[in-house]
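**Q**
In the working numbering, the protein residues as written are 1 to 210.
1) Can you list, in chain order, the residues of its chain with a C-beta nearer than 7 Å to that of residue 6? Leave out the 5 residues immediately preceding and following it.
2) Check each candidate in 86, 82 and 63 and name the one with the smallest Cα separation from residue 100.
3) Short check: CB of residue 52 to CB of residue 15, under 9 Å?
4) Going by C-alpha distance, which of 55, 96, 42 and 60 is nearest residue 31?
5) What residue does the alpha helix (DSSP H) around residue 52 start on, and which one ends it?
6) With residue 38 and residue 48 assumed to form a contact (beta carbons below 8 Å), what rounded beta-carbon distance in angstroms separates them?
7) Scan the stretch 5 to 91 and note each continuous alpha helix (DSSP H) run of 4 residues or more that stays entirely inside, going in chain order.
8) Measure from the alpha carbon of residue 65 to the alpha carbon of each residue in 95, 44 and 18, then state which is nearest.
9) Check whether the Cβ atoms of residue 92 and residue 84 sit closer than 9 Å, and answer yes or no.
10) By alpha-carbon positions, which one of 59, 61, 41 and 103 ends up nearest to residue 77?
11) Our contact map puts residue 36 next to residue 26 with C-beta atoms below 8 Å; I'd like the distance itself, whole angstroms only.
12) I need the DSSP call for residue 135, collapsed to helix, strand or coil.
13) Given this structure, state the Cα-to-Cα distance separating residue 90 from residue 80, to the nearest angstrom.
14) Tell me which residues share the same chain as residue 50 and place their Cβ nearer than 6 Å to its Cβ, disregarding the 5 neighbours each side in the sequence.
15) Using DSSP with H/G/I as helix, E/B as strand and the rest coil, what is residue 183?
16) Within the same chain, show all residues whose beta-carbon is closer than 6 Å to that of residue 61, passing over the 5 residues directly before and after it, in chain order.
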């Protein structure tokens with residue numbers, strides 16, 4: 001008997017190891033085989049632990065809520081160990097959470113199947129401009145021209161319009177060459193009219209004759 005018990009305990013430890021590796025199908029096959037070889041006693045502690053492990057595999061590993069609930073309820077009917085009962089009760093609560101989550105996912109999948117065009121509207125990469133297509137061009141920006149001085153003062157008080165005023169003022173300035181030419185002409189001596197030239201000639205002659 002002791003040898004069988006030790007052998008069963010070793011097999012259960014191996015099943016726990018496979019469970020930690022998330023090899024769900026292997027957990028089920030080895031766990032069910034161990035249940036067959038264990039004593040036919042519903043209250044056997046090792047049997048109860050195997051049932052709990054199979055319940056966890058179905059719920060957390062495979063998402064099979066119905067089968068997991070069956071394992072948890074079977075354990076609660078036969079088990080008197082407080083710690084195992086607490087784990088089984090927590091498993092039943094988690095089963096309800098998983099069932100609700102699966103229901104929401106199923107509803108979302110059904111809506112997508114009924115209205116597949118929603119996926120295209122929600123960011124389909126192919127919905128944008130294709131290669132070779134002309135992208136949308138930005139519309140030209142209208143520049144406001146301000147003529148009156150009062151409007152210029154108002155525009156200068158507004159930072160957003162101040163740049164427009166500065167652009168218009170720069171356009172009004174004459175080229176540098178034109179400004180220099182005008183200044184040069186102002187500095188040149190003025191010419192004499194024909195009458196002034198005659199009077200000046202007479203004066204010069206008068207001075208020479210004198």
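Virtual Cβ for every residue (Gly too), placed ideally from N, Cα, C.
**A** This is what the structure holds:
1) Counting only Cβ-Cβ distances below 7 Å, and skipping sequence neighbours, we find nothing.
2) 63
3) no
4) 55
5) That run of the alpha helix (DSSP H) goes 45 to 56.
6) In this structure residue 38 is not in contact with residue 48, their Cβ atoms being roughly 10 Å apart against a cut-off of 8 Å.
7) For the alpha helix (DSSP H) assignment, the uninterrupted runs of no fewer than 4 residues enclosed by the stretch 5 to 91 are, from N- to C-terminal side, 24 to 37, 45 to 56 and 65 to 78.
8) 95
9) Cβ distance not < 9 Å, so residue 92 and residue 84 don't count as in contact.
10) 41
11) About 16 Å separates the two Cβ atoms, so there is no contact after all.
12) Only weak support is given to the placement of residue 135: the predicted model assigns it a pLDDT of 43, under 50, and the value that follows is read from those uncertain coordinates. Looking at residue 135 - three-state DSSP - the assignment turns out to be coil, as it is neither helix nor strand.
13) 16 Å
14) 31, 34 and 35
15) Confidence at residue 183 is low in this model, with a pLDDT of 48, below 50, so the placement of that residue should be treated as unreliable; the coordinate-derived value is given next. Looking at residue 183 - three-state DSSP - the assignment turns out to be helix.
16) 24
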